[in-house]
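S.K.:
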Amino acid sequence: MPKKQFSVLVIAATYIGTVVGAGFASGQEVLQFFGYFGRAGLAGLAITAVLLSVFGYIIMELGRRLGAESHLPVIRYAGGRWIGSLLDWVTTAFLFGGLVTMGAGAGAIFSEQFGLPFIWGSVLMIAAALFTVLFGISGVVRSISFVVPLLLAAVFGVAVYTIATDYPALLATLRSYSEPSRAPLPYWPLTTVLYVSYNLVLAIAILAPLGAVSGPNRLRTGAILGGIGLGIGATLINLAILTHIGRAASYEIPMIMVAGTVSPLVRTVYTLILLAEVYTTAVGSLYGFVARLSKQGTPKYRYLSSGAAILALGLSQFGFSNLVGTLFPAVGFAGLLMLAALAFAVVRGKIGEYSKRGIKPVQPSPSLTFHLAEEISKRGNSPDDEN
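Numbered according to our numbering, the sequence shown spans residues 69 to 455.
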């Protein structure tokens, strides 16, 4: 195992950076899973923060105990051979789905914001992701660690400014607005669980091996801070969109519309940062998908990367909001099996008994996650090692 132990803040930042993708920052997924429920959606967001903290920690702790290099040991341990294998392929398939959605997101930005053909955005984004993945881990890590802080600053800045400057409109919306029929499912407790579920399905590829290069105390605190940070971020986005719900709900990328209410310059800057985040999310999705099926640097890795990119380009033409409203809930339903397996493993007391499941601990080599956390830690000061 790499000797370096990452600080609590690095673990939390890596967790947040893994979940905060273009769907999050666009506002579309927050709108569909929480915003349409009005006031009730705020309760869902509070529950989301708790569940992300709890299950994020479970995944990372299992990753630590199993010495996981990928999500595979964790989900096979939690679900057993058959369920674990099924979850492995579901997780891998939806990493590909993340690439498809990001291609659609880029197309929506090009169409709505620049007046350019939808397919131009999809082609350029997926081609950029393919080039980065073929370039190697260092390119993946640098892209993610550089863009995420900018995105978080933009999201928080736009959301806080919008809420603070038009608070009466927000209060009026919270008193009267509710359109659950526009949500993927008309029950906010269910959409809350599905939101947590699909985010963890996509994040487990990073969280599991992150646990293998961190100590247990740091994992626990990092998971709590990460879950709370994600909950606060999603809540701010939700409130900002609700402030302008009459207009924002008609946009594929509602947060760009909200940014435009601040100023045209802010809208342009937000759009560019969001495009960069679409790129990093596409890179992470393509890398996670291909790395699960092939060894980096081999001909199979290159061919599979290229083939996945071409197929994703075609599927991305279904549209961003359509994919968010259909693909993400489908991921969430599949992920419920994973959450149930993880919870069952903890209730049965199996979290420390991995050897009984026939899975031996391994010494993980430096992975995408290790390099990502290391790159993030360079931007701050990590304290000395601890468990």
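All C-beta atoms in this analysis are idealised placements derived from N, C-alpha and C, irrespective of residue type, glycine included.
(1) Between which two residues does the alpha helix (DSSP H) carrying F396 extend?
(2) Secondary structure at K368, three-state DSSP: helix, strand or coil?
(3) In this structure, does DSSP put P141 in helix, strand or coil?
(4) Does the beta-carbon of N267 have 16 or more other beta-carbons within 10 angstroms, so that it is buried, or is it exposed?
(5) Kindly give me the distance between the Cβ atoms of I341 and A222, rounded to whole angstroms, as I take these residues to be in contact under 8 Å.
(6) Does the distance from the CB of P108 to the CB of F388 come in under 8 Å?
(7) Give the range of the alpha helix (DSSP H) segment to which A271 is assigned.
(8) Would you report the Cα separation of G393 and A176, rounded to the nearest angstrom?
(9) Using alpha carbons as the reference points, say which of V88, L275 and Y371 lies closest to M128.
(10) Report, in whole angstroms, the separation of the C-beta atoms of V201 and V351, which I expect to be a contact under 8 Å.
(11) What are the boundary residues of the alpha helix (DSSP H) that includes V201?
(12) Looking at the structure shown, is F102 part of a helix, part of a strand, or coil, going by DSSP?
(13) Please report the distance separating the alpha-carbon of L405 from that of L155.
(14) Using 8 Å for Cβ pairs, my map puts T159 next to V269. What's the rounded Cβ distance?
(15) Work out the CA separation of T349 and Y371 for me, nearest whole Å.
(16) Starting from A316, trace the alpha helix (DSSP H) in both directions and tell me its first and last residue.
(17) Tell me which same chain residues have a C-beta within less than 8 Å of the C-beta of L238, skipping the five on either side of it?
(18) For E180, which three-state DSSP category applies?
(19) Rounding to the nearest angstrom, what Cα-Cα distance links R335 and S244 in this structure?
(20) Going by C-alpha to C-alpha distance, which of F178, G95, W157 and V191 sits closest to I378?
(21) Let me make sure I understand the geometry here. Which of G165, G95, L113 and W150 has the alpha-carbon closest to that of Y355?
(22) Pair every Cβ in the stretch 87 to 107 with every Cβ in the stretch 254 to 267, then say whether three or more of these pairs are closer than 8 Å.
(23) Using the Cα positions of E180 and Y145, report the straight-line distance between them to the nearest angstrom.
(24) Return the first residue and the last residue of the alpha helix (DSSP H) that L343 is part of.
(25) Short of 7 Å in beta carbon distance, which residues of its chain neighbour A117, apart from the five on each side in sequence? Order them along the chain.
(26) Let me know the secondary structure DSSP gives G283 once reduced to three states.
(27) Starting from the Cα of E247, find the closest Cα among E345, F105 and A111 and give me that residue.
(28) So, at 6 Å on beta carbons, what are the nonlocal neighbours of L304 in its own chain, with the 5 sequence-adjacent residues on each side left out?
(29) Return the CA-CA distance between V168 and R133, expressed in angstroms with no decimal places.
(30) So, helix, strand or coil for I292, using DSSP?
(31) CA-CA distance, V87 and E345?
(32) What's the call for G301, buried or exposed, on a 16-neighbour Cβ count within 10 Å?
(33) Would you kindly check if the distance between the Cβ of G279 and the Cβ of L130 is under 8 Å?
(34) When the distance is taken between beta carbons, is S265 closer than 8 Å to G31?
(35) Using a threshold of 8 Å, state whether the C-beta atoms of I151 and S282 are closer than that.
M.R.: Let me spell this out:
(1) According to the DSSP assignment, F396 belongs to the alpha helix (DSSP H) that extends over F388 to V415.
(2) Here K368 sits in helix by DSSP.
(3) Here P141 sits in helix by DSSP.
(4) N267 comes out buried.
(5) That pair is a contact at about 5 Å.
(6) In the sequence on display, residue 108 carries Ala and not Pro. Contact flag unset, no.
(7) Per DSSP, A271 is one residue of the alpha helix (DSSP H) stretching across W256 to G279.
(8) Computed Cα separation, rounded: 15 Å.
(9) Check the Cα spacing between M128 and each of V88, L275 and Y371: the tightest is with L275.
(10) Under the criterion of beta carbons closer than 8 Å, V201 and V351 qualify as touching, at roughly 6 Å.
(11) Unbroken alpha helix (DSSP H) run through V201: F186 to F203.
(12) It is coil, neither helix nor strand.
(13) The alpha-carbon atoms of L405 and L155 are separated by roughly 8 Å.
(14) Right, their Cβ atoms sit about 6 Å apart.
(15) Each residue's alpha carbon lies about 21 Å from the other.
(16) Start and end: I313 to A316.
(17) I231, L307, L310 and T311.
(18) Note: E180 maps to helix in three-state DSSP.
(19) Cα-Cα distance, rounded: 28 Å.
(20) Of the candidates F178, G95, W157 and V191, the one whose C-alpha sits nearest the C-alpha of I378 is V191.
(21) Checked all of G165, G95, L113 and W150; the closest Cα to Y355 is G165.
(22) The stretch 87 to 107 is in contact with the stretch 254 to 267.
(23) Distance between the alpha carbons of E180 and Y145 is about 45 Å.
(24) Looking at the DSSP string, the run of the alpha helix (DSSP H) that includes L343 is P332 to L361.
(25) Excluding sequence positions up to five before and after A117, its CB lies within less than 7 Å of the CB of G295, I296, L298 and G299, all in the same chain and listed in chain order.
(26) The three-state secondary structure of G283, taken from DSSP, is coil.
(27) E247 has its Cα closest to that of F105, out of E345, F105 and A111.
(28) If the five residues before and after L304 are omitted, its C-beta is found closer than 6 Å to the C-beta atoms of A227, all from its own chain and listed in chain order.
(29) Cα to Cα, V168 sits roughly 33 Å from R133.
(30) Looking at I292 - three-state DSSP - the assignment turns out to be helix.
(31) Taking the straight line from one Cα to the other gives about 11 Å.
(32) With 16 or more other Cβ atoms within 10 Å, it is buried.
(33) Yes.
(34) Outside the shown range of the chain, which is 69 to 455, sits residue 31, and nothing can be said about it.
(35) S282 sits away from I151, with the two beta carbons spaced by 8 Å or more.
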